[in-house]
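Single-structure report; data block below.
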Amino acid sequence: MSRLISRRHLAAAAALRRSPAAAAFASRWLHTPAFATVSPEEISGSSPAEVQNFVQGKWIKAANWNWIVDPLNGDKFIKVAEIQGAELKPFVESLSKCPKHGLHNPLRAPERYLMYGDISAKAARVLGQPEVLDFFAKLVQRVAPKSYQQALAEVQVTQKFLENFCGDQVRFLARSFAVPGNHLGQMSNGYRWPYGPVAIITPFNFPLEIPLLQLMGALYMGNKPVLKVDSKVSIVMEQMIRLLHDCGLPAEDVDFINSDGITMNKLLLEANPKMTLFTGSSRVAEKLAADLQGRIKLEDAGFDWKILGPDVQEVDYISWVCDQDAYACSGQKCSAQSMLFMHKNWSASGLLEKMKGLSERRKLEDLTIGPVLTVTTASMKEHTNNLLKIPGSKVLFGGEPLENHSIPEVYGAFKPTAVFVPLVEILKSDNFELVTKEIFGPFQVVTEYSDDQLELVLEALERMNAHLTAAVVSNDPLFLQEVLGRSVNGTTYAGIRARTTGAPQNHWFGPAGDPRGAGIGTPEAIKLVWSCHREIIYDIGPLPEKWALPSAT
Numbered sequence: 001m002s003r004l005i006s007r008r009h010l011a012a013a014a015a016l017r018r019s020p021a022a023a024a025f026a027s028r029w030l031h032t033p034a035f036a037t038v039s040p041e042e043i044s045g046s047s048p049a050e051v052q053n054f055v056q057g058k059w060i061k062a063a064n065w066n067w068i069v070d071p072l073n074g075d076k077f078i079k080v081a082e083i084q085g086a087e088l089k090p091f092v093e094s095l096s097k098c099p100k101h102g103l104h105n106p107l108r109a110p111e112r113y114l115m116y117g118d119i120s121a122k123a124a125r126v127l128g129q130p131e132v133l134d135f136f137a138k139l140v141q142r143v144a145p146k147s148y149q150q151a152l153a154e155v156q157v158t159q160k161f162l163e164n165f166c167g168d169q170v171r172f173l174a175r176s177f178a179v180p181g182n183h184l185g186q187m188s189n190g191y192r193w194p195y196g197p198v199a200i201i202t203p204f205n206f207p208l209e210i211p212l213l214q215l216m217g218a219l220y221m222g223n224k225p226v227l228k229v230d231s232k233v234s235i236v237m238e239q240m241i242r243l244l245h246d247c248g249l250p251a252e253d254v255d256f257i258n259s260d261g262i263t264m265n266k267l268l269l270e271a272n273p274k275m276t277l278f279t280g281s282s283r284v285a286e287k288l289a290a291d292l293q294g295r296i297k298l299e300d301a302g303f304d305w306k307i308l309g310p311d312v313q314e315v316d317y318i319s320w321v322c323d324q325d326a327y328a329c330s331g332q333k334c335s336a337q338s339m340l341f342m343h344k345n346w347s348a349s350g351l352l353e354k355m356k357g358l359s360e361r362r363k364l365e366d367l368t369i370g371p372v373l374t375v376t377t378a379s380m381k382e383h384t385n386n387l388l389k390i391p392g393s394k395v396l397f398g399g400e401p402l403e404n405h406s407i408p409e410v411y412g413a414f415k416p417t418a419v420f421v422p423l424v425e426i427l428k429s430d431n432f433e434l435v436t437k438e439i440f441g442p443f444q445v446v447t448e449y450s451d452d453q454l455e456l457v458l459e460a461l462e463r464m465n466a467h468l469t470a471a472v473v474s475n476d477p478l479f480l481q482e483v484l485g486r487s488v489n490g491t492t493y494a495g496i497r498a499r500t501t502g503a504p505q506n507h508w509f510g511p512a513g514d515p516r517g518a519g520i521g522t523p524e525a526i527k528l529v530w531s532c533h534r535e536i537i538y539d540i541g542p543l544p545e546k547w548a549l550p551s552a553t
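For what it's worth, UniProt numbering labels the leading residue of the sequence shown as 1, then goes sequentially.
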């Protein structure tokens, strides 16, 4: 690595002396972090980047290259070495080498807990450097276009997470307990035990935060993970793994695979990891749950709701939060505001007009609105038209494709959209599934309720299937008590500043109401997802002085 760095910097220094264009190129490379093999500003159709795999301590390519299309202009700008079924053997062998008791546990190789505390400290320091924060923020932007502020926030949350698990904090995750027994020499001890070989599958929308937090949680608890990130954005974690190696991550502890879904499914069935973490669509989640016979934790789709209570206040602030929750990252957050239940008291407040004005500030130039990577423009338009067939429905704003852009048709390009649907119509059996269909883009449904219709709102919540995030925007304690006591979403914000998005690293983020539900970011989430309970009962004696062989029972 040091020789590679020296050659890069020598070449850059020589380029500085040649021409202005070469100098600009060289300057960017001189400011690229030492671990990096790409420069975000240089990735393009004319200068494509390359993404490799990592297995058994080595970076490897594959027989097949999958070209990723630039979401901003359609150029082929990243080629990913995607593993095919015939190339899975080293990945299967690597996972198979890890025993079920893990790479470490409370009774074996406990020094590795300290090692991972040190790795986290080093990685947090490196990631906290301004040039490294900027490198990852721009790399995230390049593959999952979002505003610089949104991309930077993702990197900062990741860096804070690493800070949270420095020093002794990793071994504190494995804190055990003991209970006195029934006689001298007997003691029961409860331990957090790893699963051993595990798998992690993560989506495109948070290319750094989701995979890194889950990867480190798995490692902290003593597991050996194979990581698969959506190929459209896997370059981000490829670079992060290189950073972690520089910070002391043992090369054999993590495998990194690029593949299509069919190949990854084959790997899971052949390698038989003892636990798999999946973040992504409900359809794939349910298939994996069946294929893996329940050995899985899920953070799947989120049709997330927000209720505005009867106490109208801080309209400017709340309209801004609604805009952020629904349309930041072009609505491509599993926590994005999908449905807004607005008490009729808000009708005269100008809230909807303010939301419309805020949505119209968003523009492609600064990526405050941008490409939608999993829903096409035609699909969003079709969904809008289907909703408009419901009596009383209307477009509040948006509802049309973006204009004057070069986003390829394989992706979506849609204006921030809100469609009003009457509450009584939402609850009709013919409409409910359509209205509560998650559109992973800049799209929300708005409805209105009165005091005597709160029961209908609560009925709608009860009938929904996804229970990730929610917000109850009110400072009325009795209203909060009623709604919070009759809902289930795993990450629920309550109070006048409540939101559905923007979860930091300092509280649980995950669904509720499903025993397979996974959390992320906190000690509780790490222990729930990446370890199981083991009880060891010590019974060393001595025997009672006058013990005699008892009668048969």
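We put the CB at the ideal spot given by N, CA and C, even for glycine.
- With respect to Q186, Y538 sits close: the two C-beta atoms are nearer than 8 Å.
- T522 is the residue among A518, T500, T522 and G517 whose C-alpha sits nearest the C-alpha of N506.
- Closest by C-alpha distance to I536, out of D134, N205 and G190, is G190.
- Exposed is the label assigned to V410, since fewer than 16 other Cβ atoms lie within 10 Å of its Cβ.
- Rounded to whole angstroms, D255 and K97 show a C-alpha spacing of 12 Å.
- Here V179 is exposed. Its C-beta has fewer than 16 other C-beta atoms within 10 Å.
- The beta carbons of T417 and G398 sit closer together than 8 Å.
- Taking one beta carbon from each stretch, the segment 373–387 and the segment 347–357 have fewer than 3 pairs nearer than 8 Å; the two do not touch.
- Around the Cβ of S234, a 10 Å sphere holds 16 or more other Cβ atoms; the residue is buried.
- Considered as a whole, the segment 417–459 harbours 417–420 and 443–449 as its complete beta strand (DSSP E) runs of no fewer than 3 residues, in chain order.
- In the structure shown, the three-state DSSP call for N265 is helix.
- V395 is bridged by DSSP to V419.
- Taken through DSSP and simplified to helix, strand or coil, E400 comes out as coil.
- Within the segment 104–190, the runs of alpha helix (DSSP H) that reach at least 4 residues and sit entirely inside it are, in chain order, 111–127, 130–143, 148–164 and 169–173.
- Per DSSP, the unbroken alpha helix (DSSP H) holding S96 starts and ends at K89 to S96.
- For W547, the number of other beta carbons within 10 angstroms of its own is below 16, and it is reported as exposed.
- In this structure the segment 59–77 does not lie against the segment 121–136, because fewer than three pairs of beta carbons, one per stretch, are closer than 8 Å.
- In the three-state reduction of the DSSP assignment, P197 falls in the strand class, which pools E and B.
- Annotation for P225: the continuous beta strand (DSSP E) segment containing it runs K224 to V229.
- Sorting F204, L107, E154 and N272 by C-alpha distance to the C-alpha of S94 places N272 at the top.
- For W305, DSSP records a beta bridge to M339 and A470.
- Under the criterion of beta carbons closer than 8 Å, R499 and D325 qualify as touching, at roughly 6 Å.
- By the neighbour-count definition (other C-beta atoms within 10 Å, threshold 16), P130 is an exposed residue.
- Where W547 is concerned, there is no enclosing beta strand (DSSP E), because DSSP gives it neither an H nor an E.
- Of the residues F35, H405, A460 and I78, the one whose Cα lies closest to the Cα of K232 is I78.
- Collapsing the DSSP output to three states places K274 in coil.
- Only buried fits Q159, as 16 or more other CB atoms lie within 10 angstroms of its CB.
- When C-alpha distances from N404 are compared across E365, V395 and P442, the shortest belongs to E365.
- In the three-state scheme derived from DSSP, where H, G and I count as helix and E and B as strand, K354 is classed as helix.
- Taken in chain order, the complete beta strand (DSSP E) segments of 3 or more residues contained in the segment 35–90 are 49–51, 53–55, 58–60, 64–69 and 76–82.
- Listed in chain order, the non-local C-beta contacts of L456 below 8 Å within the same chain comprise L423, V424, L427 and Y449, local neighbours out to five positions each way being set aside.
- A residue is called buried when at least 16 other Cβ atoms come within 10 angstroms of its Cβ; G294 does not meet this threshold and is exposed.
- Collapsing the DSSP output to three states places E382 in a helix.
- By the Cβ neighbour-count rule, N223 is buried, with 16 or more other Cβ atoms within 10 Å of its own.
- Rounded to whole angstroms, the gap between the alpha carbons of G357 and E433 is 30 Å.
- The distance from the Cβ of I307 to that of F341 is about 4 Å, consistent with a contact at the 8 Å cut-off.
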